[in-house]
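The structure appears below as structure tokens.
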Amino acid sequence: MATKFYERLSNDLTQLLENPIDYNVTIEVGEEPDNQIYKVHSYILQSLFKMPNISIKIFNIIIEYIYGGIISLEKLENSVIFDLLIISNELNLDELVENLQTHFVNNNASWLKLNFSRVYQTSCQVKNFNIIQEFCNNIISKYPNTIFESGNFLTLPEDALISIIKKDDLQLEESKIWQYVIQWGKAQNPTLPSNLKEWTSDNFLTLKTTLKKCLSYIRYFNISSEDFFEMIFPYQQILEPELWLDINSKLLAPNRPISSSVLPPRKILNVTLPTRITLSSNIITDEHTLEISSWIDKRESNYTENNPYEFKLLVRGSRDGFDVKTIYEICDKVSNTVIVLKVKDTGEILGGYIPCELDKNQNKWIYSQDSFAFSLKTTNLKNSILSRVKNFNNAIANYPKSSQLYFGYTLCLEGNLKTYKTCYCDSDWYDMPIRSKGHIDSNNRFNVEEYEVFEVSKKK
């Protein structure tokens, strides 16, 4: 069903779009040589545009909306609709922005949850995404670890953090909220000493200035005396003297009147909420796992929701170490693993699936008919690349003693993945290259800024 917008667009002008008589404005959409020129009218669009970052598919939808006030979403993928929402906001199409947000929340909430990290990050960066941000904040209220334990937490904008910690129904102990706020504040000032004993008055003043707006939303008078002395006492210098005195007075003499405002306690639910399973990754999204799961099941089309597999984090470079031998030590005798790597400087996400068991005790080539390597879609790669094994006898090079792990020669991991540029990609023994740069020239080798290994298993 098509949605009609006539509140601001009172006339159907689509005939002018189909037959642009007397056009006097041109809009260039897309990048050469695949760009497209649109002929439009100055009384509808005022100036000459070049829009290389907008896809022709999305602009066709927008231009029809501008001229005719009609838009149909039924045949569009949710990812396309979300891109449409972002572009509509950039073009100040406020009515369409509001309608698309409402469409998502009312009709495609499952997609928003599935792509929560991307959706929430975007809603924080875009001022007009109030409806979606409120939707995300309601999820965070019930499942605060969704954001507080995510890799994106420390990069949240200040107003996004405030919108979370000011909520009365945030299901988190006040002392933990305080700890997260302090953690966020320190992350905004990376030059602060890591050892609190080394802090000067200026260091505390820096943190106080950073957290000035956040600190007023902490419910200090709902923190136990034990947590107060353990968590807040070391940071007393970032609190106003009057508030510091009132907190101490309340702990020592609860009935004594104080001048500081006392926020009500959080509305913590008495029932235990069901655990929300979220992907623990600093590299890939839920959308990526759906694609990888589809490849494991050899589907012609990708899963769009209800992933049948669980991705359990086994190894993370920044946590466990970057030497390939670490993978063998932790994943010994483990089958059905997925390795993902974020390439340093380029942002590429490469990886592979190993259905067979790794063996830390011997060097050997492992037979497999189902292994594959891949390059996942990112902002710089429009579509993911899948490369399946074709030489089954040489599917996986299991070489722990020389610190090597190969997917044929399509993806080759060697040594310390972060320190040395020893990784490379070719196309032997798998059906296509996943990266344009080969291994012949040493300058084409790469290292990674992060890698992760997941054990993949069917959900019960």
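When we follow full-length UniProt numbering, the leftmost residue of the sequence shown carries the number 1, and every step to the right adds one. The C-beta atom is built at its ideal place from N, Cα and C for all residues, glycine as well.
Tell me whether residue i is buried or exposed, calling it buried when 16 or more other Cβ atoms sit within 10 Å of its Cβ.
i           : result
L290        : buried
A395        : buried
Q101        : buried
G347        : exposed
T155        : exposed
K197        : exposed
Q133        : buried
S201        : exposed
I268        : exposed
I164        : buried
Y220        : buried
N138        : exposed
residue 480 : There is no way to answer for residue 480, as the model of the chain reaches only from 1 to 460.
T422        : buried
K250        : buried
L205        : exposed
T65         : Looking at the sequence shown, residue 65 is not Thr but Tyr. Flag for Y65 reads buried.
E174        : buried
A373        : buried
Y353        : buried
L252        : exposed
I135        : According to the sequence displayed, residue 135 carries Phe and not Ile. So F135 ends up on the buried side.
Y420        : exposed
F104        : buried
P265        : exposed
Beta strand (DSSP E) containing residue i: first to last residue?
i    : result
C412 : 411–414
S72  : 70–72
E450 : 448–458
Y406 : 404–407
Roughly how many angstroms lie between the CA atoms of residue i and residue j, to the nearest whole one?
i           : j    : result
Y120        : K390 : 40 angstroms
P234        : K186 : 14 angstroms
Q179        : K460 : 35 angstroms
F322        : N447 : 10 angstroms
S387        : L263 : 57 angstroms
V343        : E414 : 14 angstroms
W365        : W184 : 46 angstroms
S224        : N248 : 11 angstroms
I58         : D345 : 30 angstroms
residue 486 : I292 : This structure leaves residue 486 out entirely; the chain is present only between 1 and 460.
T209        : F153 : 20 angstroms
N444        : N416 : 17 angstroms
C214        : L161 : 8 angstroms
L73         : S117 : 23 angstroms
P254        : M231 : 20 angstroms
N92         : N99  : 13 angstroms
K458        : K298 : 15 angstroms
L381        : S375 : 9 angstroms
Q369        : A397 : 14 angstroms
Note the first and the last residue of the continuous alpha helix (DSSP H) segment covering residue i.
i    : result
L85  : 78–90
L161 : 158–165
Y217 : Note, Y217: premise wrong, no alpha helix (DSSP H); not H, not E.
L96  : 94–107
V204 : A small correction: the amino acid at residue 204 is Phe; Val does not occupy that position in the sequence shown. Unbroken alpha helix (DSSP H) run through F204: 201–210.
L252 : 241–252
Y180 : 174–187
L290 : 286–296
Do residue j and residue i count as a contact pair if the criterion is CB distance below 7 angstroms?
i           : j    : result
N60         : V97  : no
T378        : I349 : yes
I385        : I330 : no
S141        : L112 : no
K333        : E310 : no
K360        : Y328 : yes
S403        : K312 : no
residue 461 : I283 : Shown here, the chain extends from 1 to 460; a query on residue 461 therefore has no answer.
L114        : D286 : yes
N336        : P355 : yes
C412        : Y424 : yes
E452        : R316 : yes
S110        : E305 : yes
D426        : Y406 : no
I81         : I54  : no
D246        : S261 : no
N78         : N108 : yes
P190        : W199 : no
Are any of the Cβ atoms in chain D nearer than 7 angstroms to that of residue i?
i    : result
S402 : Absent here is chain D; the protein component of the structure consists of one chain.
Threshold first: 4 residues or longer. Then list the alpha helix (DSSP H) segments lying entirely within the region 125–152, N to C.
Listed in chain order, the complete alpha helix (DSSP H) runs (minimum 4 residues) inside the region 125–152 are 130–142, 145–148.
Residue ranges of each alpha helix (DSSP H) run of no fewer than 4 residues wholly in the region 315–395, ordered along the chain?
The qualifying runs are 317–320, 324–331.
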